[in-house]
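Everything on this sheet refers to the single structure shown next.
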Amino acid sequence: MALLVRFAVLVVLAAAHGAVGQTGFLSIDCGLELDNTTSTTRGYKDPDEGIFYVADGGYVDGGENHRVAADQEKGHFRSDLTVRSFPSGVRNCYALPTVAGTKYLVRVVAIYGNYDGKNSSSSIQFELHLGVNYWDTVRADGDEVYEAMFVAWAGWLGTGVPRQHRRRHAVRVVPDDPYDRYWWQMRSDPLWMNKSTGSTIKQNSKFAVPSHVMQTAVEGVSNGTIIKVTRQDKTANKFMIFAHFADFQDSELRRFNVSINDIEPSLQISPPYLSTGTASNTEWYSTKNGMYTITLVATSASKLPPMLNAFEIYTLIPNDNPMTFPKDFDIIMSIKLEYGIRKDWTGDPCFPAAWEGAKCSNSSGNTRRIISLDLSYSNLHGAISNNFTLFTAFGSDRDTCNKSIHDINTSPPKSKENRAAILAISVVVPVMAIAFLALAYLIWRQKRKRNLSADVVPRETELEIAPAHRKNHGEALQKVETRRFTYKGLEKLTNKFEQFIGQGGFGLVYYGRLEDRTEVAVKMRSELSSHGLDEFFAEVQSLTKVHHRNLVSLVGYCWEKDHLALVYEYMSQGTLYDHLRGNNGVRETLNWRTRIRVAVEAAQGLDYLHKGCSPPIIHRDVKTQNILLGQNLQAKIADFGLSKTYLSDTQTHISVSPAGSAGFMDPEYYHTGRLTESSDIYSFGVVLLEIVTGESPILPGLGHIVQRVKKKIEAGNIGLVADAQLRGAYDVHSMWKVVDTALACTADVGAQRPTMAAVVIQLKESLALEEAHTDSGFHGSTGILSETTMSTSTFGPSAR
């Protein structure tokens, strides 16, 4: 018999999955009864823990609810008083919602509590698995806590790093600890003595050990004393240790060597005064006997013995077992939830055995693909879910294409003649319909404006500007609070347009300097006709009322006789397009970390236009050519010539003729003429895919970048998508997160796309993953390493 007392899952984006209580957390009270007449269906907040719990009924199939024995309740939290036992079934699993590519901490508390009145805790033993991989063995003879960190591969769990310890005597520091860790006291030893201070210890921002924890330490009883801390683990998995140091005095030298499992070379450190420093092994070490040892030995120059404030040990869960292709996993879970399927569908759909009705086959790498799903005679009713069309490895049964589920469940087998007739109808009718639609589309296209540019979709039809219209623009510009230049003034600041630096949709761009030596970019257009005046006016209007660090600043404008000009701040590093696919003046390939940072900054600029401006502004021409880079590669959105502003904050869309750049334009907007913020989001999704792949949105003969990327990721190998110029130098999970975000942005239906605020969050998380992957060196707040021969690792928990 198996039991689980409590799950507490720390989910960075729990709110996106409908979790209640605390954003970023999903805390489940296993065994809590669902009673529609009480508030327990909505969960409760434990006054002692300060944690909001929900019942587990929505996350698990099967099992029985029980309460611990009355004489076992004392000293436990409310969430410990109920249990769920699983008296039957080979696999009993909780399905916990996640976001692919995101790092999580999952915590399981196991308490027997004599819930069955048999006093048989010693006989209860069961395995924990995280996804398809063995995590640990639970022995419910005490108050045990099992923890694992993992990066979600699909929408329902992934791989992890476990810790296991008894909860008794642990000091849980919340909310001081952003990682919600348990800390417990070190055992006593005659070779060291306890030390403490009332002074606040400054946190290391990366490891964030709470000051309360760092205010206590152990110190050798004498200068010649060796501190050796040993921990025995029942597994022989690879491990990583993080040791945290902070000195309580700064009058005498304290210096010592740190080694882990006596593996050379050691690290020589001097703990910083009232500030946290952290050291660890740089790679996963193996131990044959499950013994982990930290040894501290004072140097000959040290005046004080070694000291240790805190340490953490992580062991690696092997990730060797095959698993279901992530997208297939998410699809079949959606089908399960949509129909409320109560089959024995728990754990991984394909491993170690396929779910009932599912058929799996080997795929590339260590993944399995779902190639068919039989739900006949399952008492299902209604239309066939659209989710079935998302199984890209499926074969098809055309007999069921136009049926309802009720028809499939109840209809007897058809004769060969009937099947042939159905097959003919199901094939011929759609083909004729498609042919008719294609012909209608071609006729419609012939009636539209011709001479489409290969790079730019035609902008709004602009009639010759009438004098009255021209006068209205002039009167409006008089009210604009920005500098107005004369044409002679522009000649002077550009040295008669000596240095050409680029060309945009509005005109040629020249380098210039103002009187105070401020560098500017001057975009010129000759006004031989009135064409372009509306775009010119829109840009001036937009840029004079928005101010954000990620939007290019307008210095001034010129409107004089037959000359139009816009004067911007100078962005010395050109466009993002130049760096991805190359202007002749740009040779250095942007690394992945820089690419994500640029994406974050550009997204912040768009988010400001959509939500920071009142009323909102839609850019309408988001592309890599319109993302400019400054001296430190800071990104700013530029070119507001096509931008449109809502008339009020309550307006839902703008009806306007399609305009924008080919490959970046939202198809929904192109076909309906309804412009919304989601149109910018689609364009930005294309920008993200361009950042990932380094490829043009449209490649002749190969189609659009969205379809190209979708086809490549079917194999589950992100390396097929990533820009070859990156040479594999990126965090895989970071790359996956950006691709997933980009595909969400480019959903066919605008209402299904995320907001720019949500995109910013996803990209920041991706950046954090990449930074954790690439950072190296000591992560202390001061330079406490004298001779760094063993630097810290970047592996560690992700802040909540």
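Residue numbers (mature numbering (1 follows the signal peptide of the UniProt record, and there is no 0)): -21 to -1, 1 to 779. Idealized CB from N, CA, C, for every residue including glycine. Quick caveat, the model's predicted, so the values are computed rather than measured.
Ordered along the chain, which non-local residues of its own chain (more than five positions away) have a Cβ less than 7 Å from that of residue i?
| i | result |
| --- | --- |
| K53 | none |
| Q604 | T554 and Y556 |
| Q211 | G269 and M270 |
| G96 | A48 |
Tell me which same chain residues have a C-beta within less than 6 Å of the C-beta of residue i, skipping the five on either side of it?
| i | result |
| --- | --- |
| F476 | Y489 |
| S532 | E548 |
| D702 | T672 and G673 |
| T116 | E106 |
| A333 | C339 |
Here's a check: name, in chain order, each residue in its chain whose Cβ is nearer than 8 Å to the Cβ of residue i, leaving out the five neighbours to either side.
| i | result |
| --- | --- |
| P169 | V200 |
| K24 | G(-1), I30, F31 and Y32 |
| K524 | C592 |
| I677 | A641, G642, H683 and I684 |
Specify, as a first and last residue, the run of the alpha helix (DSSP H) that residue i falls within.
| i | result |
| --- | --- |
| W571 | W571 to D586 |
| E669 | E656 to T672 |
| A723 | V711 to C724 |
| F308 | P305 to Y318 |
| K691 | I684 to I692 |
Taking the alpha carbon of residue i as the reference point, which residue from the options has its own alpha carbon closest?
| i | options | result |
| --- | --- | --- |
| W538 | I697, P251, T461 and P331 | T461 |
| F619 | M219, M302 and V519 | V519 |
| residue 790 | Y649, T573 and L283 | Past the boundaries of the shown model lies residue 790; the chain is included only from -21 to 779, so the question cannot be answered. |
| N298 | H108, I292 and V87 | H108 |
| V87 | D25, L5 and H45 | L5 |
| G110 | E498, P26, L746 and A131 | A131 |
| K467 | T497, R496, D586 and H542 | H542 |
| E262 | R348, Q228, F218 and L746 | F218 |
| M128 | N202, I248 and I296 | I296 |
| I248 | L588, D226 and S230 | D226 |
| T651 | Y587, N260, K743 and A638 | A638 |
| T209 | T274, R63 and L608 | T274 |
| S521 | K623, S351, T465 and V601 | K623 |
| T371 | I363, K306 and H752 | K306 |
| R166 | S178, I206, D159 and A48 | I206 |
Whole angstroms is fine: what's the gap from residue i's alpha carbon to residue j's?
| i | j | result |
| --- | --- | --- |
| A89 | E123 | 5 Å |
| E126 | L11 | 21 Å |
| L487 | A500 | 10 Å |
| F65 | G22 | 22 Å |
| C329 | A726 | 28 Å |
| R576 | T672 | 16 Å |
| F224 | V579 | 34 Å |
| S190 | I7 | 29 Å |
| V718 | V738 | 12 Å |
| T720 | R706 | 22 Å |
| S340 | N365 | 22 Å |
| R492 | L585 | 29 Å |
| L507 | A544 | Note that L507 has pLDDT 42, beneath the 50 cutoff, so the model's placement of it is unreliable and the number below is only indicative. Approximately 13 Å, taken between the alpha carbons. |
| N183 | S245 | 22 Å |
| I697 | P250 | 41 Å |
| I180 | T255 | 7 Å |
| A222 | E749 | 23 Å |
| R142 | Y161 | The predicted position of R142 is uncertain, since its pLDDT is 44 and thus under 50; no value can be drawn from it. |
| L746 | Q51 | 47 Å |
Checking contacts by CB at 8 Å: is residue i closer than that to chain B?
| i | result |
| --- | --- |
| C329 | This model lacks chain B altogether, as it is built from one protein chain only. |
Can you tell me where the beta strand (DSSP E) with residue i in it begins and where it stops?
| i | result |
| --- | --- |
| residue 785 | No information on residue 785 is available, as it lies outside the stretch -21 to 779 that the chain covers here. |
| S351 | T346 to L352 |
| E647 | Where E647 is concerned, there is no enclosing beta strand (DSSP E), although the alpha helix (DSSP H) it sits in stretches over P646 to T651. |
| Y23 | Y23 to D25 |
| E126 | E123 to A131 |
| S175 | W171 to S175 |
| residue 780 | Here the chain has residues from -21 to 779 only, and residue 780 is not among them. |
| H108 | Q104 to L109 |
| M193 | Where M193 is concerned, there is no enclosing beta strand (DSSP E), although the alpha helix (DSSP H) it sits in stretches over S190 to M193. |
| I616 | A614 to I616 |
| V87 | K82 to A89 |
| M219 | F218 to F224 |
| N98 | First-last for N98: undefined, no H or E at that position. |
| N366 | Note, N366: premise wrong, no beta strand (DSSP E); not H, not E. |
For the structure I just gave you, are there three or more beta carbon pairs, one from the region 712 to 728 and one from the region 553 to 561, closer than 8 Å? Taking 8 Å as the limit for Cβ pairs, the verdict is that the region 553 to 561 does not touch the region 712 to 728.
Does the region 604 to 620 come into contact with the region 682 to 689, if we say contact requires no fewer than three beta-carbon pairs (one atom in each stretch) closer than 8 Å? no
Spell out a yes or no on whether the region 271 to 283 and the region 300 to 319 are touching, meaning 3 or more CB-CB pairs, one atom from each, closer than 8 Å. no
Is the region 179 to 199 touching the region 282 to 291 in the sense that three or more CB pairs, one from each, lie closer than 8 Å? yes
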